[in-house]
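J.: Starting off with a structure, shown below.
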Amino acid sequence: MPHANGTANGATKRGAGQKILKDTAGVVQSKEGHEKTDYTRWRLKDDRGCQTWHYLQSEEEIKAWPQTTADKYFLGLDTEQPDLNPAKTPLEAAYNGLSFFSHLQLPPGNWGCEYGGPMFLLSGLVITWYVTETPIPASHAIEIKNYLFARAHPEDGGWGLHIEGESSVFGTAMNYTVLRLLGVDAEEPRMRKARDTLWKMGGALNGPHWAKFWLSVLGVTEWDVVNPCPPELWLLPDWVPFAPWRWWIHMRQVFLPMSYVYSKKWSHPLNDLTRQLRLELLVEPFETINFAARRNTIAPTDNYHAKTWFLKLLFWFLAAIWFPYLRPTWMIKRAEEHVWWLIEAEDENTDFANLGPVNGPMNALCAYIKLGPDSHAFREHVKTLPEFLWVKDEGMLMNGTNGVQTWDTAFLIQAVESCAWSDDEKWKPMLTKALEFLEDQQILEETRDQHACYRQQRKGAWGFSTRKQGYTVSDCTSESLKSILILQKDHSYPAIISERRTKDAIDVLLTMQNASGGCASYEPTRGSVLLEHLNAAEVFGNIMIEYDYPECTTAVVTALHMFQHHYPTYRAEEIAAFRDRAVAYIRNAQRADGSWYGSWGICFTYAGMFALESLACGGETYANSERVRRACQFFLDKQMEDGGWGETYKSCEDGVWNQHPQSQVVQTAWVVIAMLEARYPEKGPLEKAVRLIMGRQQKNGEWLQESIEGVFNKSCMISYPNYKFIFPIKALGMYAERFGDVALL
Ligand code: LAN
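Positions 1 to 745 (UniProt numbering) are the ones given, in order, by the sequence shown.
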């Protein structure tokens with residue numbers, strides 16, 4: 001009989017920090033005693049898009065595996081890229097930018113990058129490693145600590161939901177815990193400062209649901225503090241309006257393993273360290289706390305989406321009546337079995353990569369609980385989890401997905417095309433490799449038990465990162481398809497993706513439209529917006545169902561448009577109807593002030609670029625559309641003195657434009673592209689903007705990192721570091737095509 005504290009599942013009592021493997025060659029210690037690895041020893045391996053970082057130990061290894069320019073760039077080391085001929089014209093600037101960026105292409109043909117931003121991911125991973133007693137390399141532990149300290153809030157020493165956010169209980173409690181598990185002393189000054197901040201916010205019991213979940217797994221809090229996650233919801237028939245299969249995929253795939261662990265009430269056995277953590281994270285003595293009464297306490301900093309009274313009532317019923325008195329044993333058994341079946345299917349369908357960085361560690365924990373530390377499934381998880389990790393100048397972080405491979409590669413191809421360089425001998429080898437990568441990443445078959453696992457059609461689709469992860473995304477499929485059509489049909493690149501395979505992609509896209517005409521991200525919307533009343537995560541908005549997004553819709557519209565140009569007879573009527581309805585959705589989604597709200601990039605500048613592309617694709621431009629003129633006016637009103645545009649991430653949180661004090665290269669490029677798509681007639685404002693983009697370029701062709709670019713769920717920001725190359729290059733190319741490649745600097 002497995003014991004609730006998990007001892008029967010392989011965990012043993014101990015009081016130490018994380019088990020650490022000693023790969024410490026080259027590690028140095030500062031005067032203050034802070035360790036740092038030797039950055040010349042780190043290498044990124046990219047095996048068909050599966051990216052892992054390795055810390056080399058011996059001189060032989062170092063000789064056999066030299067550090068590449070890309071490695072050096074990611075690590076913040078000198079890339080030794082020469083100064084280029086100073087760019088005078090837009091195309092010269094694009095050329096210099098592409099010269100630099102081409103050195104970052106990885107051997108399989110893709111681009112990669114850090115995909116950080118969220119500050120709640122590492123904790124899931126490190127707690128999972130800790131409670132499963134998985135040893136981790138010292139190099140990793142050292143650099144995770146460095147990253148977290150580098151990203152602590154400069155004033156209060158805490159952490160927010162994301163790297164640019166204000167400190168919150170979620171960020172602070174979880175990252176503080178990570179540091180302690182990795183061996184940092186509670187009395188180290190930075191820890192004391194973070195703890196003070198946490199205590200001012202009321203301690204960990206004022207954290208959101210996910211914080212309470214992980215701390216209960218760790219054994220620091222009691223399970224009574226976690227709002228109930230009944231796995232029996234998975235037994236509901238499909239017609240039930242709130243059945244989990246209708247939820248947004250990221251929510252249901254997180255809820256899945258969470259409900260399993262919750263049902264087991266599995267906790268790591270208490271030891272000296274976790275006993276100590278109780279004192280550090282909780283402001284009251286553990287023994288005096290009524291955990292059940294703290295299920296809904298939450299600090300204002302963390303309460304982005306307050307729970308409704310309805311949800312609180314539901315939780316009360318589940319916690320006070322259903323779980324203790326009504327829940328039949330047969331139902332527990334069936335629910336846990338079914339949930340475990342779904343978890344196994346997810347593991348198998350993704351080769352243990354899992355949908356994302358939250359359900360990845362949770363599924364690993366479930367495999368450990370169910371099958372034990374020596375099971376095949378658990379060992380595969382341990383091998384695969386490092387694919388989420390990334391090393392940069394500040395240390396090691398956890399990416400928001402297992403990479404940005406397909407997405408950035410598809411966009412780069414389109415940026416080069418905008419410069420009319422697809423046939424240029426100089427760039428052909430780079431583009432050929434990029435094409436080969438996209439070919440390799442197209443998903444070629446459906447999942448096991450597609451319908452029973454509630455999976456969207458995927459044969460012919462592309463995902464955001466890799467084929468192994470294997471989740472259809474509407475816009476990733478579209479952008480990849482467009483890039484392939486550009487190279488294979490508009491230019492004479494080898495037709496390595498057959499006509500049938502492009503049609504498979506179209507078949508998938510045609511399943512993605514909502515009744516509104518818009519498209520969502522992973523699958524069409526499956527539930528009512530009323531489900532948002534069940535949003536229990538507190539820290540995010542709009543997470544319970546799929547919504548229509550101008551960005552995703554545009555990508556699909558433009559892909560269908562391009563495809564039809566080459567294959568006018570294939571499913572022609574359906575495509576035409578799809579396009580009309582999609583463009584009608586885009587028109588509808590415009591706000592009175594001419595803008596569109598962006599859900600995946602910050603914010604109005606991002607969505608405006610896509611929406612105007614959709615309208616242009618349907619022949620709607622500045623000359624013939626009041627709507628387009630309104631959109632251009634919205635941007636013109638926001639242009640800054642220096643010619644650029646800049647909005648902060650607060651635009652996403654508040655839903656209204658928040659002016660950034662500094663113009664941003666990426667957002668400026670988005671607006672230039674938007675206005676060119678709209679065929680805005682005057683050169684003046686665009687020329688000024690292009691000058692700004694060119695002026696910010698470094699002598700070696702690169703642009704430097706500015707503010708964070710991306711967002712999800714309204715409140716969490718995420719970095720897209722390659723955008724500072726891709727979109728300026730595209731904007732410069734489009735500008736030159738329209739207004740001529742004349743000297744501007
Ligand atoms: C992403 C990254 C890519 C992004 C685009 C393709 C840009 C978008 O147009 C569609 C949605 C998608 C695929 C997307 C969805 C949500 C993701 C996966 C992320 C923003 C990256 C990280 C985020 C994921 C939910 C993070 C884990 C957090 C949870 C709340 C589960």
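Beta carbons: idealized from backbone N, C-alpha and C, even for Gly.
Using 8 Å as the threshold, is the region 491-501 in touch with the region 371-391, meaning 3 or more CB pairs across them?
T.: Result no; under three Cβ-Cβ pairs closer than 8 Å.
J.: Give the list of continuous beta strand (DSSP E) stretches no shorter than 3 residues that lie fully inside the region 140-175.
T.: Those beta strand (DSSP E) runs which fall completely within the region 140-175 and span 3+ residues do not exist here.
J.: Beta-carbon within less than 6 Å of Tyr720's beta-carbon, same chain only, minus the 5 sequence neighbours each way: which residues are those?
T.: As a first step, residue 720 must be located in the sequence shown, where it is residue number 720. Excluding sequence neighbours, Tyr720 sits near Glu709, Gly710.
J.: So Lys714 is in the beta strand (DSSP E); what residue range does that whole segment cover?
T.: Start at 1 with the first residue of the sequence shown, and residue 714 comes out as number 714. Run containing Lys714: none; DSSP gives neither H nor E here.
J.: Assuming the contact rule is C-beta atoms closer than 8 Å, Phe315 and Asn227 should be a hit. Round their C-beta distance to whole Å, please.
T.: In the sequence shown, the residue the question calls residue 315 occupies position 315. In the sequence shown, the residue the question calls residue 227 occupies position 227. At roughly 5 Å, the Cβ-Cβ gap stays under 8 Å, so Phe315 and Asn227 are in contact.
J.: Apply the 10 Å Cβ neighbour rule to Asn722 and answer buried if 16 or more other Cβ atoms are within range, or exposed otherwise.
T.: Within the sequence shown, numbered from 1, the residue matching residue 722 stands at position 722. Asn722 comes out buried.
J.: With DSSP as the reference, label Phe255 as helix, strand or coil.
T.: As a position in the sequence shown, residue 255 is number 255, starting the count at 1. Phe255 falls in the helix class under three-state DSSP.
J.: Quick one: complete alpha helix (DSSP H) runs, 4+ long, within the region 298-328?
T.: Runs of the alpha helix (DSSP H) inside the region 298-328: 309-317.
J.: Starting from Lys392 and walking both ways along the beta strand (DSSP E), at which residues does that stretch end?
T.: What you label residue 392 is simply residue 392 of the sequence shown in a count that begins at 1. That run of the beta strand (DSSP E) goes 389-392.
J.: Which runs of the alpha helix (DSSP H), 4 residues or longer, sit entirely within the region 82-108?
T.: The qualifying runs are 90-102.
J.: Between which two residues does the alpha helix (DSSP H) containing Tyr115 stretch?
T.: For this step, residue 115 is matched to residue 115 along the sequence shown. No alpha helix (DSSP H) contains Tyr115, which DSSP labels as neither H nor E.
J.: Rounded to the nearest angstrom, how far is the Cβ of Leu431 from that of Ser418, given a contact under 8 Å?
T.: Counted from its first residue, the sequence shown places residue 431 at position 431. Counted from its first residue, the sequence shown places residue 418 at position 418. Not a contact, Cβ separation roughly 13 Å.
J.: Count the other CB atoms, across all protein chains shown, that sit within 10 Å of the CB of Asp347; report buried if there are 16 or more and exposed otherwise.
T.: As a working mapping, residue 347 is identified with position 347 in the sequence shown. Buried: at least 16 other Cβ atoms inside 10 Å.
J.: Measure the Cβ-Cβ separation of Thr558 and Cys476 and say whether it is below 8 Å.
T.: As a first step, residue 558 is located in the sequence shown; it is residue number 558 there, counting from the start. As a first step, residue 476 is located in the sequence shown; it is residue number 476 there, counting from the start. Their beta carbons are not under 8 Å apart, which means Thr558 does not touch Cys476 by this criterion.
J.: Using a Cβ-based criterion (distance less than 7 Å to any ligand heavy atom), does Asn713 qualify as near the ligand LAN?
T.: Walking along the sequence shown from the start, residue 713 turns up at place 713. For the ligand LAN, at least one heavy atom lies less than 7 Å from the Cβ of Asn713.
J.: How close, in whole Å, do the beta carbons of Ala415 and Gly733 come, if the pair is a contact with beta carbons under 8 Å?
T.: The residue labelled residue 415 in the question sits at position 415 within the sequence shown. The residue labelled residue 733 in the question sits at position 733 within the sequence shown. With a Cβ gap of about 7 Å, Ala415 and Gly733 count as contacting.
J.: I need the straight-line Cα distance from Gln18 to His338, nearest angstrom please.
T.: Your numbering for residue 18 matches position 18 in the sequence shown. Your numbering for residue 338 matches position 338 in the sequence shown. Going by the C-alpha atoms only, they are around 33 Å apart.
J.: So if DSSP puts Pro137 in a beta bridge, which residue, or which two residues, is it bridged to?
T.: The sequence position of residue 137 within the sequence shown is 137, counting from 1. Answer is Leu21.
J.: Should Cys476 be counted as a contact of the ligand LAN given a C-beta to heavy atom distance under 7 Å?
T.: Mapped onto the sequence shown, residue 476 falls at position 476. Yes, since a heavy atom of the ligand LAN falls inside the 7 Å radius drawn around the Cβ of Cys476.
J.: Going by beta-carbon coordinates alone, are Glu546 and Gln456 separated by less than 8 Å?
T.: To locate residue 546, count along the sequence shown from 1; it is residue 546. To locate residue 456, count along the sequence shown from 1; it is residue 456. It is not a contact, given that the beta carbons lie outside the stated cut-off.
J.: Using the Cβ count rule (16 or more neighbours within 10 Å means buried), how would you classify Tyr606?
T.: Here the question's residue 606 lines up with position 606 in the sequence shown. Classification for Tyr606: buried.
J.: Do Ala138 and Pro231 count as a contact pair if the criterion is CB distance below 8 Å?
T.: For the purposes of this step, residue 231 is taken as residue 231 along the sequence shown, with counting starting at 1. For the purposes of this step, residue 138 is taken as residue 138 along the sequence shown, with counting starting at 1. No, the pair does not count as a contact, with Cβ atoms beyond the cut-off.
J.: Under 7 Å Cβ to Cβ from Lys468, same chain only, skipping five residues before and after it: list those, please.
T.: Working through the sequence shown from its first residue, we reach residue 468 at position 468. Hits under 7 Å: Cys50, Thr350, Asp351, Ala353.
J.: Is it the case that the CB of Pro118 approaches a heavy atom of the ligand LAN more closely than 7 Å?
T.: As a first step, residue 118 is located in the sequence shown; it is residue number 118 there, counting from the start. Answer for Pro118: yes, Cβ within range of the ligand LAN.
J.: Under 7 Å from any heavy atom of the ligand LAN, does the C-beta of Trp407 make it?
T.: On the sequence shown, position 407 is the one that residue 407 refers to. Answer for Trp407: yes, Cβ within range of the ligand LAN.
J.: Can we count Phe610 as close to the ligand LAN, meaning its CB is less than 7 Å from some heavy atom?
T.: By one-based count along the sequence shown, residue 610 stands at place 610. Not so, every heavy atom of the ligand LAN lies at least 7 Å from the Cβ.
J.: In three-state DSSP terms, what is Thr288?
T.: By one-based count along the sequence shown, residue 288 stands at place 288. In this structure, Thr288 counts as helix in the three-state DSSP scheme.
J.: Which residue from Leu198, Trp248, Glu61, Leu215 puts its Cα closest to that of Leu531?
T.: For the purposes of this step, residue 531 is taken as the residue at position 531 of the sequence shown. Residue Trp248 is the option with its Cα nearest to Leu531.
J.: Quickly, what does DSSP pair Asp46 with across the bridge? List them, please.
T.: Position 46 of the sequence shown holds residue 46. Answer is Gln51, bridged to Asp46.
J.: What does the Cβ neighbour count give for Leu412, buried or exposed, with the cut at 16 atoms within 10 Å?
T.: In the sequence shown, residue 412 corresponds to position 412, counting from 1. It counts as buried.
J.: For the ligand LAN, is there a heavy atom less than 7 Å away from the beta-carbon of Thr554?
T.: One-based indexing of the sequence shown puts residue 554 at position 554. Checking every heavy atom of the ligand LAN against the Cβ of Thr554, none is found closer than 7 Å.
J.: Would you call the CB atoms of Asn206 and Glu538 closer than 8 Å?
T.: Your numbering for residue 206 matches position 206 in the sequence shown. Your numbering for residue 538 matches position 538 in the sequence shown. Against a cut-off of 8 Å, the Cβ pair of Glu538 and Asn206 comes out as no contact.
J.: Can you give me the start and stop residues for the alpha helix (DSSP H) that His565 sits inside?
T.: For the purposes of this step, residue 565 is taken as residue 565 along the sequence shown, with counting starting at 1. Where His565 is concerned, the enclosing alpha helix (DSSP H) stretches over 550-566.
J.: Can you round the beta-carbon distance between Ala150 and Tyr176 to whole angstroms, since I take them to be within the 8 Å contact cut?
T.: The count along the sequence shown starts at 1 and reaches residue 150 at position 150. The count along the sequence shown starts at 1 and reaches residue 176 at position 176. Contact doesn't hold; Cβ gap of about 15 Å is too wide.
J.: Would you kindly check if the distance between the Cβ of Leu75 and the Cβ of Val391 is under 8 Å?
T.: Translated into the one-based positions of the sequence shown, residue 391 becomes position 391. Translated into the one-based positions of the sequence shown, residue 75 becomes position 75. For Val391 and Leu75, yes; Cβs fall inside 8 Å.
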